[in-house]
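Comments concern the structure below.
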């Protein structure tokens with residue numbers, strides 16, 4: 036039984052299938068997905084539907100799922116002059132669209148009504164963070180980071196935006212006895228990273244957004260039991 040972590044798939048269905056084949060995920064294994072399944076790549080909904088079929092996947096919400104949840108119900112309902120919240124919805128929609136939502140929307144609107152609601156319900160059940168203890172090591176999994184970090188601040192005290200939107204200071208060691216695993220920030224953007232586009236490990240940080248949707252990027256997966264890394268082409 037092994038535990039794997041991946042993040043920021045961003046609609047790259049072929050790369051996701053490629054890394055699934057490489058890790059040879061078994062029924063007794065668990066795969067954690069640290070958010071940002073949607074947007075940017077060609078097939079975000081196809082990736083989501085694949086995850087929904089897999090019984091051994093646990094998803095943590097990313098900022099792109101958060102934006103989508105706030106807008107998808109808006110997409111599937113008829114807008115009328117009596118919609119009192121439509122202006123807020125338009126604002127949310129504009130923010131989401133500017134962050135690469137077009138491919139998600141294009142695939143989503145082709146689904147039947149039942150499947151649209153299934154996807155929304157699935158995403159609403161994403162967890163916000165996960166604590167794991169594996170082979171004598173403590174891990175904390177979140178999408179973005181620990182905004183307004185303080186060593187005495189409990190994980191339950193962080194706001195959703197601090198966990199989903201804020202970024203980690205990878206030059207700062209947050210914990211002595213916990214490995215913080217994050218996505219959200221492509222590893223090619225970490226200044227101290229000597230291997231851009233690969234999983235970054237330093238100061239008890241493990242950054243696994245390897246920029247799958249960017250030039251020179253790939254999809255990275257780490258096995259927490261062994262530390263072994265797997266990459267798409």
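In this note's numbering, the protein residues as written are 36 to 268. Cβ coordinates follow ideal geometry from the N, Cα and C atoms, glycine included. Given the structure is predicted, the values throughout are model-derived calculations rather than measurements.
I'd like the span of the beta strand (DSSP E) that includes residue i, first residue to last.
i: residue 39; result: 38-41
i: residue 67; result: 65-68
i: residue 93; result: 92-94
Whole angstroms are fine: how far does the CA of residue j sit from the CA of residue i?
i: residue 39; j: residue 144; result: 32 Å
i: residue 44; j: residue 147; result: 24 Å
i: residue 249; j: residue 74; result: 12 Å
i: residue 223; j: residue 246; result: 7 Å
i: residue 109; j: residue 133; result: 17 Å
i: residue 262; j: residue 211; result: 18 Å
i: residue 55; j: residue 167; result: 21 Å
i: residue 81; j: residue 142; result: 8 Å
i: residue 91; j: residue 255; result: 18 Å
i: residue 116; j: residue 179; result: Bear in mind that the predicted position of residue 116 carries a pLDDT of just 49, short of 50, making it unreliable; the figure below should be weighed with that in mind. Their backbone Cα atoms lie some 37 Å apart in a straight line.
i: residue 260; j: residue 170; result: 7 Å
i: residue 49; j: residue 78; result: 9 Å
i: residue 76; j: residue 156; result: 22 Å
i: residue 58; j: residue 267; result: 11 Å
i: residue 18; j: residue 149; result: The displayed coordinates of the chain run from 36 to 268. Any statement about residue 18 would go beyond what the structure contains.
i: residue 135; j: residue 240; result: 27 Å
Looking only at C-alpha atoms, which of the options sits nearest to residue i?
i: residue 94; options: 165, 261, 239; result: 165
i: residue 197; options: 184, 206, 208, 209; result: 184
i: residue 47; options: 104, 194, 83; result: 83
i: residue 63; options: 209, 85, 238, 37; result: 37
i: residue 102; options: 236, 205, 179, 129; result: 129
i: residue 72; options: 258, 244, 237; result: 244
i: residue 127; options: 174, 258, 99; result: 99
i: residue 42; options: 189, 149, 199, 157; result: 199
i: residue 66; options: 77, 51, 149; result: 51
i: residue 191; options: 162, 221, 49; result: 162
i: residue 238; options: 208, 176, 175; result: 208
i: residue 217; options: 230, 264, 236; result: 236
i: residue 201; options: 220, 213, 188, 215; result: 220
i: residue 231; options: 153, 251, 175; result: 251
i: residue 242; options: 267, 268, 214; result: 214
What are the boundary residues of the alpha helix (DSSP H) that includes residue i?
i: residue 109; result: 98-111
i: residue 52; result: 48-58
i: residue 188; result: Per DSSP, residue 188 belongs to no alpha helix (DSSP H) and is neither H nor E.
i: residue 88; result: 79-88
i: residue 199; result: 195-199
Using the DSSP secondary-structure output, state which residues sit across from residue i in a beta bridge.
i: residue 166; result: 175
Notebook entry, point to check: Taking only runs of the alpha helix (DSSP H) that begin and end inside the segment 122-151, which ones reach a length of at least 4 residues, in chain order?
Noted result: Entirely contained in the segment 122-151, the alpha helix (DSSP H) runs reaching 4 residues are, in chain order, 137-143.
Notebook entry, point to check: Which whole runs of the alpha helix (DSSP H) in the segment 208-265 are 4 residues long or more, in chain order?
Noted result: Qualifying alpha helix (DSSP H) stretches: none in this window.
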